[in-house]
Amino acid sequence: MKSSSVTQTQTASQEKQQSPQIKVSTQTQTKTIDKLIKDYEAIIGIETHVQLSTLTKAFCGCPYNYGAQPNTSICPVCMGLPGLPNISVDIPIATNGYVDLDLPVEFGGGHRRYSVSFFLNVISVSSAPGIAVDLNRAGVPLLEIVSEPDMRNGIEAAEYAAEIQRVVHYLGISNGNMQGGSLRCDVNVSIRPIGRSEFGTKVEIKNLNSFSSVNRAIDFEISRQVFLHSQGQGSSIVQETRLWEEGAQKTITMRKKEGLSDYRYFPEPDLPEVIVKKECIDSIQNSLPELPEMKRRRYESMGLSMQDVLFLANDINVAEFFDATIAKGADVKLATNWIMGDIAAYMKNDLEASLENAMCSMVVEKAGGGVRQAKPSIVDPAHIEKMVDKVLSENPKQLEQYRAGKTKIQGFFAGQVMKLSRGKANPGLLNKILQQKLNATS
Ligand SMILES: [Zn+2]
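Counted from 1, the sequence shown has number 155 at position 155 by full-length UniProt numbering; the numbering is strictly sequential.
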C-alpha cells in the first residue's frame, strides 16, 4: 500500500480549481469574453500517454529503472539504430473502447461515456540535466489513449484524465504519476459558433502534467479563441502546438503544426502484424479486477450518495480498505462516514501515514456490524478555530493567567472547546489550533 497515493490521486475536482478566466487585458474584457463564450461551443479531444510499468522495454530486454545513471541500460534495439525494428504509432492496437465517468455534482453531475482508441508507442529520446542525450528511457512502452473530440470544457477534460489515472491505478499497469511524467495529456481545442456543424481550426496544447493545468489550459484556450473569433480575427487561429505556461497562466506558441509527412512516418516492413485470438482477449477480460466504474455502480447500489461513491472509489487503496471493512460486517453508511471523516483527516494531517497505520490505530468491530470510534467528528480547522476563538473571548481571565505563565490551564480551554463541540472536535486539531491561538502575541 503506497502511503502517498491518496494525495496523489485526488480527483480533478478535488485539485484546486480556478474559475475559467482569461487575462487578455482588463476586467471589462474578461466579462465580455464570459458573455461571448455562451455563443460558442468548444470541441475538445485528449491524447493521454501512460508509461507502462513493464520490467523491460518494449522490444528488447533492457530493464528500465527510473533514476539510473544515464545511458547504462541501452542496446542497439532501443537506441533505434538503422535497420532495426521500430514501430509506427498510427495504427491503433484497439478501437471501440470507452471510458465511463461520473461528473461530481458541483460540475453538473451525470454519467458520461467517451469513445477511445489505444495505440502502442515507445518513448524515443529524453535528456537529463548536464547530459546531452540519455537513452535509458528510449524504448519504454507508452500506451496512448486517444479520445474522440467529445468534451466541451476544461473540467470535463480534467475529470476524464483523472478517470484514466484511476483505471491505470486499479489495473496496476502504471504508477500514473503526472509530475514524474508517467501520465501526460495533450489536448486538442477548437471552437465554433453554436449551431454551426463544421469544426474550427484545432490547436494542440502539449505535455500537461496536472489535472488543474488540463482544466485551466483548456479554459484559457477556449477564451483566447472565442476572443479572436469575436473580433473578426478567426483566421489568426492557426493549427499549431502550444504550451501551457503555469506562471503566466496562459498558452503560448511552441511550434506551427507540421503535416504528417514532416514526421517521416513509414510502415516498418520488419514488424509482422500481431493477431490476438479471441480466447486470449477473453482470458484477459476475465482476469480484470473490478474497475472504477463497476465499483461506483456497486457502491451506488448500496445506497450511498454520489459524493460518497466518488470519494471511496477515487483511490484503489481507500476502496479496498472500505471493501475490507464492509466484508468484516461493518455498517455501510457508518464505515463511509468514518473513512471520509476520521481516516481522511488522519491521512491529510500526516502524509506519511498509510491506511495500514490508520487501521492499526482504530479498531473495526467484527461483531454487531458496527464500527467503533465511528462517532462523527469535526475535522474542519476553520470550524474548530471559531470555537476556540469563542472560548478564548469568553474566558479573558484564564487567558491572562495562561499568558502570564500558567500554561497548565491549556487543559481547561481544551475541555471548554470540546464541550462546545459536544465531544465531536478532532482532539489533535483542537490542541494544535488552541496552542497556536494561546501563544499568539496579539
Ligand atoms: Zn535495449
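We put the CB at the ideal spot given by N, CA and C, even for glycine.
Nothing here was measured: the structure is a model prediction, and the numbers come from that model.
Rounded to the nearest angstrom, what separates serine 174 and tyrosine 64 at their Cα positions? 13 Å
Per DSSP, cross-strand counterpart(s) of leucine 208: Cys185
Could you check where the beta strand (DSSP E) with leucine 142 kicks off and where it finishes? 141-147
Where does leucine 304 fall in DSSP's three states? coil
When the distance is taken between beta carbons, is glutamate 246 closer than 8 Å to serine 213? yes
According to DSSP, residues forming a beta bridge with alanine 425: Ile378
Short Cβ contact (8 Å threshold) for valine 189 with isoleucine 222: yes
Pick from Thr72, Lys35, His111: whose alpha carbon is nearest that of arginine 297? His111
When you compare only the Cα positions, how much space is there between leucine 192 and glutamate 41? Per the sequence shown, residue 192 should be read as arginine rather than leucine. If I take the Cα positions, the gap works out to 5 Å.
Can you list every residue whose CB sits closer than 6 Å to some heavy atom of ligand 1, going in chain order? Lys57, Cys60, Cys62, Ile74, Cys75, Val77, Cys78, Gly139
For valine 167, count neighbouring Cβ atoms within 10 angstroms of its own Cβ and tell me buried if that reaches 16, exposed if not. buried
Measuring CB to CB, does isoleucine 237 end up less than 8 Å from aspartate 39? no
With C-beta atoms as the reference, is isoleucine 284 less than 8 Å away from tryptophan 244? no
Segment contact, 8 Å Cβ cut-off, at least three pairs: the region 104-119 with the region 311-325: no
Specify whether the region 423-440 and the region 376-385 touch according to this definition: at least 3 beta carbon pairs, one from each stretch, less than 8 Å apart. yes
Counting Cβ pairs closer than 8 Å, one from the region 59-74 and one from the region 154-161, do we hit at least three? no
Using DSSP with H/G/I as helix, E/B as strand and the rest coil, what is leucine 238? The amino acid at residue 238 is misidentified as leucine; the sequence shows valine. Note: valine 238 maps to coil in three-state DSSP.
Quick one: what does DSSP say glycine 45 is sitting in, helix, strand or coil? strand
Do three or more CB pairs link the region 195-203 to the region 217-234 at distances below 8 Å? yes
Spatial neighbours of residue 452 within its chain, please: CB distance less than 7 Å, with the 5 preceding and 5 following residues excluded, ordered by chain position. Within the shown structure, residues of the chain are numbered from 1 to 442, placing residue 452 beyond reach of any answer.
Excluding five sequence neighbours on each side, which residues of the same chain lie with their C-beta closer than 8 Å to the C-beta of leucine 52? Val140, Pro141, Leu142, Leu143, Ile173, Ser174
Three-state class that DSSP yields for glycine 97 in the structure shown: strand
Compute the Euclidean distance between the alpha carbons of glutamine 410 and threonine 54, then round it to the nearest angstrom. 55 Å
What's the call for methionine 302, buried or exposed, on a 16-neighbour Cβ count within 10 Å? exposed
Write down the C-beta distance between isoleucine 44 and isoleucine 218 rounded to the nearest angstrom, noting that I regard them as a contact closer than 8 Å. 6 Å
What's the gap between the Cα of glycine 370 and the Cα of serine 147? In this predicted model, glycine 370 has a pLDDT of only 42, less than 50, meaning its place in the structure is not dependable enough to derive any value.
Mark leucine 288 as exposed unless 16 or more other C-beta atoms lie within 10 angstroms of its C-beta, in which case mark it buried. exposed
Same chain, Cβ closer than 8 Å to glutamine 307, neighbours up to 5 away in sequence not counted: Pro104, Val105
With 16 other CB atoms within 10 Å as the buried threshold, where does glutamate 293 fall? buried
Which of the three DSSP states is assigned to lysine 432 in this structure? helix
Close beta carbons around leucine 135, own chain, < 6 Å, minus the five adjacent residues each side: Asn71, Ile74, Met79
In terms of residue numbering, what span does the alpha helix (DSSP H) encompassing isoleucine 339 cover? Run containing isoleucine 339: none; DSSP gives neither H nor E here.
Whole-angstrom Cβ separation of valine 50 and serine 182, contact assumed at under 8 Å? 7 Å
Report the three-state DSSP secondary structure of threonine 54 (helix, strand or coil). coil
Taking the C-alpha atoms as reference points, what is the distance between isoleucine 252 and leucine 420? 53 Å
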